[in-house]
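Residue numbers (the working numbering): 3 to 261.
Where a beta carbon is used, it is the ideal one built from N, C-alpha and C, also for glycine.
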Amino acid sequence: MTTAGRKRVGLALGGGVVRGLAHVGVLSMLDRAGIPIDYVAGTSAGSIIGTAYCAGASMERIKTFSQKISWRLIARPVWPAHGWVSFDKLARRLVIEFGDLDFTDLKTPYAVIATDLKTGQAVTFRQGRVAPAVQASCSVPGIVTPVEIDGRLLADGSLVDTLPVAVLREMGADYVIGVDIFSSSIRSHWGPFGMAMTALEILVRGAGQGIKDADCLISPDLAGKTYLRFSKRDELIALGEEAAQAKLDCIRSALNLSA
Numbered sequence: 003m004t005t006a007g008r009k010r011v012g013l014a015l016g017g018g019v020v021r022g023l024a025h026v027g028v029l030s031m032l033d034r035a036g037i038p039i040d041y042v043a044g045t046s047a048g049s050i051i052g053t054a055y056c057a058g059a060s061m062e063r064i065k066t067f068s069q070k071i072s073w074r075l076i077a078r079p080v081w082p083a084h085g086w087v088s089f090d091k092l093a094r095r096l097v098i099e100f101g102d103l104d105f106t107d108l109k110t111p112y113a114v115i116a117t118d119l120k121t122g123q124a125v126t127f128r129q130g131r132v133a134p135a136v137q138a139s140c141s142v143p144g145i146v147t148p149v150e151i152d153g154r155l156l157a158d159g160s161l162v163d164t165l166p167v168a169v170l171r172e173m174g175a176d177y178v179i180g181v182d183i184f185s186s187s188i189r190s191h192w193g194p195f196g197m198a199m200t201a202l203e204i205l206v207r208g209a210g211q212g213i214k215d216a217d218c219l220i221s222p223d224l225a226g227k228t229y230l231r232f233s234k235r236d237e238l239i240a241l242g243e244e245a246a247q248a249k250l251d252c253i254r255s256a257l258n259l260s261a
């Protein structure tokens, strides 16, 4: 309770592949409403949007970035020894767009979550180069090649902490807003694969317990929405805005902010 007499606010941006574009809508609404954000933590897709925000990019700049991002821009096929594609193009794209940033260069304190495939433990990045940490956080094992950093083989942070709320409390946040984009749905028309997909969504969404521990949970209506089609970006962004707007009164009340 020391930041201009108010609670210090943390924002947790969860994983969800292309659904991560909903984070752009959430950030846009929070920005327009004047909601202060003192700390950010991102997992997987959330780490991409979180990097843009913490680098100090304007919302207009972030929206422009979100409009041009595509699989061709961030992924390249590789010999399938440890994955079918590599996200090294994603790391390079972040450097091109926002600079080869160190965590200490960021305008807002930031953490990126990845998973150590050898130990099964969460790895929290708060120092060093940002781009490789984001690449690791987004690298879905079995599909995307893992990233080796400091002798650790790292992959998607959603395996262990899909909504990094606890990390934000460790950073100093008094009040944490979580953005959950991994809502599940039953796809009966997919048969057994549909049931398996639902189970996977439930498992990933609960990893790390962030959805239970956030003070305010923003959950865009994404059940059944795409994880892979960037062509749906406008719809995903709009759903993020809508969900954030629905929580504004609650957030303002908790932070003693006027409308």
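Below 8 Å, how does it come out for the stretch 33-40 and the stretch 125-137: are there three or more Cβ pairs, yes or no? no
Helix, strand or coil: how does DSSP classify Thr110 here? Here residue 110 refers to the residue found at position 108 of the sequence shown. Thr110: coil per DSSP, three-state reduction.
What are the boundary residues of the beta strand (DSSP E) that Gly180 is part of? As a first step, residue 180 must be located in the sequence shown, where it is residue number 178. Segment 177-181, the beta strand (DSSP E) holding Gly180.
Roughly how many angstroms lie between the CA atoms of Leu75 and Asn258, to the nearest whole one? As a first step, residue 75 is located in the sequence shown; it is residue number 73 there, counting from the start. As a first step, residue 258 is located in the sequence shown; it is residue number 256 there, counting from the start. Cα-Cα distance, rounded: 42 Å.
Nearest residue (CA-CA) to Thr164, options Ile179, Arg10, Ala14, Lys9: Sequence index remark: in the sequence shown, residue 164 carries index 162 (1-based). Out of Ile179, Arg10, Ala14, Lys9, Ala14 has the C-alpha closest to the C-alpha of Thr164.
My understanding is that Gln137 touches Phe105, with C-beta atoms under 8 Å, so please give their C-beta distance in whole angstroms. Here residue 137 corresponds to residue number 135 of the sequence shown, with the count starting at 1. Here residue 105 corresponds to residue number 103 of the sequence shown, with the count starting at 1. 15 Å between Cβ atoms; not a contact.
Whole-angstrom C-beta distance between Gly27 and Ile253, which should lie under 8 Å: Taking the first residue of the sequence shown as 1, we reach residue 253 at position 251. Taking the first residue of the sequence shown as 1, we reach residue 27 at position 25. Not confirmed; about 15 Å, so no contact.
Considering Thr204, what are the terminal residues of the beta strand (DSSP E) in which it resides? Within the sequence shown, the letter at position 202 stands for residue 204. Note that residue 204 corresponds to Ile in the displayed sequence, not to Thr. Per DSSP, Ile204 belongs to no beta strand (DSSP E); it is in the alpha helix (DSSP H), 194-208.
Residue nearest to Lys214 in terms of C-alpha spacing, selected from Gly48, Pro194, Val178, Val149: As a position in the sequence shown, residue 214 is number 212, starting the count at 1. Selected option, being the one with the closest Cα: Val178.
Give the secondary structure of Pro134 by DSSP, where H, G and I count as helix, E and B as strand, and everything else as coil. Taking the sequence shown and counting its residues from 1, the one referred to as residue 134 is at position 132. Of the three classes helix, strand and coil, the one that applies to Pro134 here is helix, per DSSP.
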